[in-house]
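**Student:** The structure is given below, and queries will be raised subsequently.
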Amino acid sequence: MLVKELWRAFFFVCSLQFWRMALLWTFSILFSYYQLFKASLSQSQLFKPLIPENCPLFSYKLVSYPRCSPFTSSFRPVCVVTGATSGLGLAAAFELSKEGYVVVIVGRSQQLLLETIRKIKDQNEDAHLKAFQVDLSSIESVIKFKMSLQQWLLDSELHCSIQILINNAGILATSSRVTADGYDQMIGTNYIGAFALTKLLLPLLKSSPVSSNIVNVTSFTHRVVTDMQVDEGTVSGKRFLRSIRYPFADIYEYSKLCLILFSYELHRQLCLMGKSHQICVTLADPGVVQTNLMREVPRVLSWLAFCVLKRLRLLKSPECGVDSIIDAALAPLGTSRAYFFGGKGRTINPSAVSQNAKLARELWESTNNLLSITPLGAEGNDW
Ligand SMILES: NC(=O)c1ccc[n+]([C@@H]2O[C@H](COP(=O)([O-])OP(=O)(O)OC[C@H]3O[C@@H](n4cnc5c(N)ncnc54)[C@H](OP(=O)(O)O)[C@@H]3O)[C@@H](O)[C@H]2O)c1
1 MLVKELWRAF
11 FFVCSLQFWR
21 MALLWTFSIL
31 FSYYQLFKAS
41 LSQSQLFKPL
51 IPENCPLFSY
61 KLVSYPRCSP
71 FTSSFRPVCV
81 VTGATSGLGL
91 AAAFELSKEG
101 YVVVIVGRSQ
111 QLLLETIRKI
121 KDQNEDAHLK
131 AFQVDLSSIE
141 SVIKFKMSLQ
151 QWLLDSELHC
161 SIQILINNAG
171 ILATSSRVTA
181 DGYDQMIGTN
191 YIGAFALTKL
201 LLPLLKSSPV
211 SSNIVNVTSF
221 THRVVTDMQV
231 DEGTVSGKRF
241 LRSIRYPFAD
251 IYEYSKLCLI
261 LFSYELHRQL
271 CLMGKSHQIC
281 VTLADPGVVQ
291 TNLMREVPRV
301 LSWLAFCVLK
311 RLRLLKSPEC
321 GVDSIIDAAL
331 APLGTSRAYF
341 FGGKGRTINP
351 SAVSQNAKLA
361 RELWESTNNL
371 LSITPLGAEG
381 NDW
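Put into structure tokens, the structure is as follows:
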């Protein structure tokens with residue numbers, strides 16, 4: 001068993017994908033911290049006099065936002081967290097339960113959902129929780145979830161709306177798998193699932209009596225993508241399935257970039273509908289966090305990676321990494337498009353490619369076309 005695992009690790013290290021992760025992902029996270037550092041330096045009273053006026057190296061302005069809660073005495077807000085059975089999703093569900101939200105926890109395993117409820121209740125016995133078993137990589141399962149959630153809201157004494165949707169569920173798959181709808185499993189879960197769920201839950205977000213917030217959990221790894229295709233073959237991941245060696249690092253980065261482009265285009269569409277003053281679309285990048293995300297990477301390598309990252313002071317616990325997600329979830333109105341990173345309400349800029357409006361529109365169209373032939377197409381166009 002040990003020998004087999006070591007062989008697997010050896011082959012993994014010999015792949016280009018491993019080096020892409022080891023080198024380019026490290027540069028990407030360092031670049032994100034560099035942005036924070038640059039901004040804090042330019043704002044520090046101590047260093048301000050030393051920095052030349054209009055110096056492009058230090059002209060970056062850090063924007064941070066306070067947290068606020070949509071509480072009124074008349075109703076209890078509802079928050080939906082996907083991938084809430086582990087890591088960051090679990091930490092986010094716990095934090096929001098402490099804020100007084102009714103937290104709808106979404107996960108694909110019934111047993112893990114029950115364990116999650118127990119874990120949160122152990123630390124916060126007043127938590128209001130409701131679990132739904134959903135496979136986000138299946139359009140049928142997402143549609144069923146929307147119907148069950150709506151019915152549950154109608155049957156409960158809650159207002160029939162949701163105030164926060166956190167699209168957190170995600171995987172880093174190291175081998176190629178196909179979803180029931182024929183998409184690549186990683187793109188299907190990380191991007192298409194979030195797109196479909198947001199589309200279906202939009203009416204519930206729109207009917208909120210207070211402003212609502214959609215948070216897409218993305219990653220610094222999106223910075224590695226410099227050239228992007230948004231044809232249906234790429235968006236569905238079918239193009240990658242034909243590769244001899246599954247380019248898992250490329251696909252993970254791509255799926256996270258898609259989430260950012262999707263968020264920007266969704267914000268634009270909400271502006272066109274005149275709803276942008278009511279629904280915020282924000283992005284959260286937790287940094288490098290010790291969770292189960294690397295479960296498919298040979299254990300000896302993920303252990304080594306965590307040791308090195310800890311030494312470099314780049315590794316966070318889920319309780320700490322969740323800060324950017326909670327900052328985004330509780331961000332005030334007018335923060336749409338903000339990219340939360342580093343906690344304390346701080347934001348930075350995502351990559352230039354992710355801010356390409358034309359690309360975002362094309363991705364939106366490709367994804368809608370792709371989904372039009374699934375049962376989601378029959379659900380009508382709620383965008
Ligand atoms: N950890 C990091 O360093 C890091 C950095 C940047 C961004 N992120 C992002 O943060 C998010 C959370 O990841 P994590 O680090 O907390 O990883 P994690 O511990 O592996 O948690 C992922 C969660 O997503 C759920 N999930 C996976 N596939 C699903 C599906 N088809 N349907 C429903 N739920 C599904 C998992 O459920 P099961 O337990 O049943 O598999 C689990 O609850 C991901 O989007 C990830 O890309 C993480």
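Residue numbers for the sequence shown follow UniProt numbering, beginning at 1 and rising by one.
Yeah, the Cβ is synthetic: ideal placement off N, Cα and C, and Gly gets one too.
Remember, predicted model here, so these are calculated numbers, not experimental data.
For ligand 1, any of its heavy atoms closer than 7 Å to the Cβ of P286?
**Tutor:** Here residue 286 refers to the residue found at position 286 of the sequence shown. Yes, since a heavy atom of ligand 1 falls inside the 7 Å radius drawn around the Cβ of P286.
**Student:** Based on Cα-Cα distance, which residue from D122, G274, G170 and K130 lies nearest to Y254?
**Tutor:** To locate residue 254, count along the sequence shown from 1; it is residue 254. Closest option to Y254, Cα to Cα, is G170.
**Student:** Roughly how far, in whole angstroms, is the beta-carbon of G107 from the beta-carbon of Q133, given that I think they are within contact range, below 8 Å?
**Tutor:** Locating residue 107 in the sequence shown gives position 107, where the first residue counts as 1. Locating residue 133 in the sequence shown gives position 133, where the first residue counts as 1. About 7 Å separates the CB atoms of G107 and Q133; that is less than 8 Å, so the two are in contact.
**Student:** State the CB to CB distance for the pair I325 and A92, rounded to an integer number of angstroms; the pair is presumed to be in contact (CB under 8 Å).
**Tutor:** The count along the sequence shown starts at 1 and reaches residue 325 at position 325. The count along the sequence shown starts at 1 and reaches residue 92 at position 92. I325 to A92, Cβ: 5 Å. Contact.
**Student:** Could you say which of L312, W152, F340 and E265 lies nearest to A360 if we only look at CA atoms?
**Tutor:** Stepping through the sequence shown from its first residue, residue 360 is reached at position 360. Answer by Cα proximity: E265.
**Student:** Using the three-state DSSP reduction, which class does Y254 fall into: helix, strand or coil?
**Tutor:** One-based indexing of the sequence shown puts residue 254 at position 254. Helix, per DSSP.
**Student:** For G237 and T218, what's the separation of their Cα atoms in angstroms?
**Tutor:** For this step, residue 237 is matched to residue 237 along the sequence shown. For this step, residue 218 is matched to residue 218 along the sequence shown. Straight-line Cα distance between these residues: approximately 18 Å.
**Student:** Quick one: what's F341 bridged to in DSSP?
**Tutor:** Locating residue 341 in the sequence shown gives position 341, counting from the first residue. Paired residue(s): D285.
**Student:** Taking the beta carbon of Q35 as the centre, do at least 16 other beta carbons fall within 10 Å, making it buried, or is it exposed?
**Tutor:** Counting from 1 along the sequence shown, the entry for residue 35 is found at position 35. Answer is buried; the Cβ neighbour count reaches 16.
**Student:** Let me make sure I understand the geometry here. Which of F145, V353 and A328 has the alpha-carbon closest to that of D285?
**Tutor:** The count along the sequence shown starts at 1 and reaches residue 285 at position 285. For D285, the nearest C-alpha among the options comes from A328.
**Student:** Nearest to F18 by alpha carbon, out of L2, L202, R67 and Y252?
**Tutor:** Here the question's residue 18 lines up with position 18 in the sequence shown. Taking the Cα of F18 as reference, the smallest distance to any Cα among L2, L202, R67 and Y252 is reached at Y252.
**Student:** Measure the alpha-carbon distance for residue 386 versus R346 and round it to whole angstroms.
**Tutor:** In the structure as shown, the chain starts at 1 and stops at 383, and residue 386 therefore has no counterpart that could be examined.
**Student:** Go through the segment 160-220 residue by residue and report every complete run of the alpha helix (DSSP H) that reaches 4 residues or more, in order.
**Tutor:** 193-206
**Student:** Taking the alpha carbon of K256 as the reference point, which residue from F220, C320 and G287 has its own alpha carbon closest?
**Tutor:** As a working note, residue 256 is residue 256 in the sequence shown. Comparing Cα-Cα distances from K256 to each of F220, C320 and G287, the minimum goes to F220.
**Student:** Can you check which of these residues, L283, C280, K344 and V102, is closest to L149 by C-alpha distance?
**Tutor:** Residue numbering aside, residue 149 sits at position 149 when the sequence shown is read from its first letter. Per the Cα distances, V102.
**Student:** Is G100 helix, strand or coil by DSSP?
**Tutor:** Residue numbering aside, residue 100 sits at position 100 when the sequence shown is read from its first letter. Reduced to three states, the DSSP call for G100 is coil.
**Student:** Please return the same chain residues whose Cβ sits closer than 7 Å to the Cβ of S276, not counting the five positions on each side in sequence.
**Tutor:** Taking the sequence shown and counting its residues from 1, the one referred to as residue 276 is at position 276. Answer for S276: H267, L270 and S336, listed in chain order.
**Student:** State yes or no: is the C-beta of I187 within less than 8 Å of the C-beta of T367?
**Tutor:** Working through the sequence shown from its first residue, we reach residue 187 at position 187. Working through the sequence shown from its first residue, we reach residue 367 at position 367. Contact flag unset, no.
**Student:** Does DSSP classify C68 as helix, strand or coil?
**Tutor:** In the sequence shown, the residue the question calls residue 68 occupies position 68. Of the three classes helix, strand and coil, the one that applies to C68 here is coil, per DSSP.
**Student:** Is it buried or exposed, K316, if we count other Cβ atoms within 10 angstroms and call 16 or more buried?
**Tutor:** Residue mapping note: residue 316 aligns to position 316 of the sequence shown, counting from 1. Per the 10 Å Cβ criterion, buried.
**Student:** Which class does H267 belong to by DSSP, given the choice of helix, strand or coil?
**Tutor:** In the sequence shown, counting from the first residue as 1, residue 267 sits at position 267. Of the three classes helix, strand and coil, the one that applies to H267 here is helix, per DSSP.
**Student:** Report buried or exposed for K310, applying the criterion of at least 16 other Cβ atoms within 10 angstroms of its Cβ.
**Tutor:** Numbered from 1 along the sequence shown, position 310 holds the residue referred to as residue 310. Counting Cβ neighbours within 10 Å, K310 comes out exposed, since fewer than 16 surround it.
**Student:** Counting along the chain, where does the beta strand (DSSP E) carrying F75 start and finish?
**Tutor:** What you label residue 75 is simply residue 75 of the sequence shown in a count that begins at 1. Neither: F75 is in no beta strand (DSSP E) and is coded neither H nor E.
**Student:** Assuming A131 and I120 make a contact with CB atoms under 8 Å, what is their CB distance in whole Å?
**Tutor:** Taking the sequence shown and counting its residues from 1, the one referred to as residue 131 is at position 131. Taking the sequence shown and counting its residues from 1, the one referred to as residue 120 is at position 120. Actually they are not in contact, since the Cβ atoms of A131 and I120 sit about 10 Å apart, beyond 8 Å.
**Student:** Which stretch, first to last residue, makes up the beta strand (DSSP E) that contains T347?
**Tutor:** As a working mapping, residue 347 is identified with position 347 in the sequence shown. From DSSP, the beta strand (DSSP E) with T347 extends over R346 to I348.
**Student:** Could you pull the start and end residues of the beta strand (DSSP E) that A131 belongs to?
**Tutor:** Position 131 of the sequence shown holds residue 131. Start and end: H128 to Q133.
**Student:** Hey, would you say the C-beta of N368 is under 7 Å away from at least one heavy atom of ligand 1?
**Tutor:** Residue mapping note: residue 368 aligns to position 368 of the sequence shown, counting from 1. Checking every heavy atom of ligand 1 against the Cβ of N368, none is found closer than 7 Å.
**Student:** CB of R346 to nearest heavy atom of ligand 1: below 7 Å?
**Tutor:** By one-based count along the sequence shown, residue 346 stands at place 346. Not under cutoff, so the answer is no.
**Student:** Should D135 go down as buried or exposed, given a rule of 16 or more other Cβ atoms within 10 Å for buried?
**Tutor:** The sequence position of residue 135 within the sequence shown is 135, counting from 1. Buried, since its Cβ has 16 or more Cβ neighbours within 10 Å.
**Student:** How long is the line joining the alpha carbons of S212 and S138, rounded to whole angstroms?
**Tutor:** The sequence position of residue 212 within the sequence shown is 212, counting from 1. The sequence position of residue 138 within the sequence shown is 138, counting from 1. If you take the alpha carbons of S212 and S138, they lie about 25 Å apart.
**Student:** In whole angstroms, what is the alpha-carbon distance linking K4 and P375?
**Tutor:** Taking the first residue of the sequence shown as position 1, residue 4 is located at position 4. Taking the first residue of the sequence shown as position 1, residue 375 is located at position 375. Whole-angstrom Cα-Cα distance: 43 Å.
**Student:** Kindly list the residues whose CB is nearer than 7 Å to the CB of L261, restricted to its own chain and excluding five residues on each side of it in sequence; keep chain order.
**Tutor:** By 1-based counting over the sequence shown, the position of residue 261 is 261. Hits under 7 Å: S354, L359, A360 and L363.
**Student:** First and last residue of the alpha helix (DSSP H) that includes Q35?
**Tutor:** Looking up residue 35 in the sequence shown gives position 35. T26 to Q43 is the span of the alpha helix (DSSP H), which, as asked, contains Q35.
**Student:** Can you list, in chain order, the stretches of the alpha helix (DSSP H) that have 4 or more residues and sit fully within the segment 314-341?
**Tutor:** 318-321 and 323-329
**Student:** For the putative contact between L283 and F340, defined by C-beta atoms under 8 Å, what is the C-beta separation to the nearest angstrom?
**Tutor:** Start at 1 with the first residue of the sequence shown, and residue 283 comes out as number 283. Start at 1 with the first residue of the sequence shown, and residue 340 comes out as number 340. 7 Å between Cβ atoms; contact.
**Student:** Taking one C-beta from the segment 225-235 and one from the segment 291-301 each time, how about it: are there three or more such pairs within less than 8 Å?
**Tutor:** no
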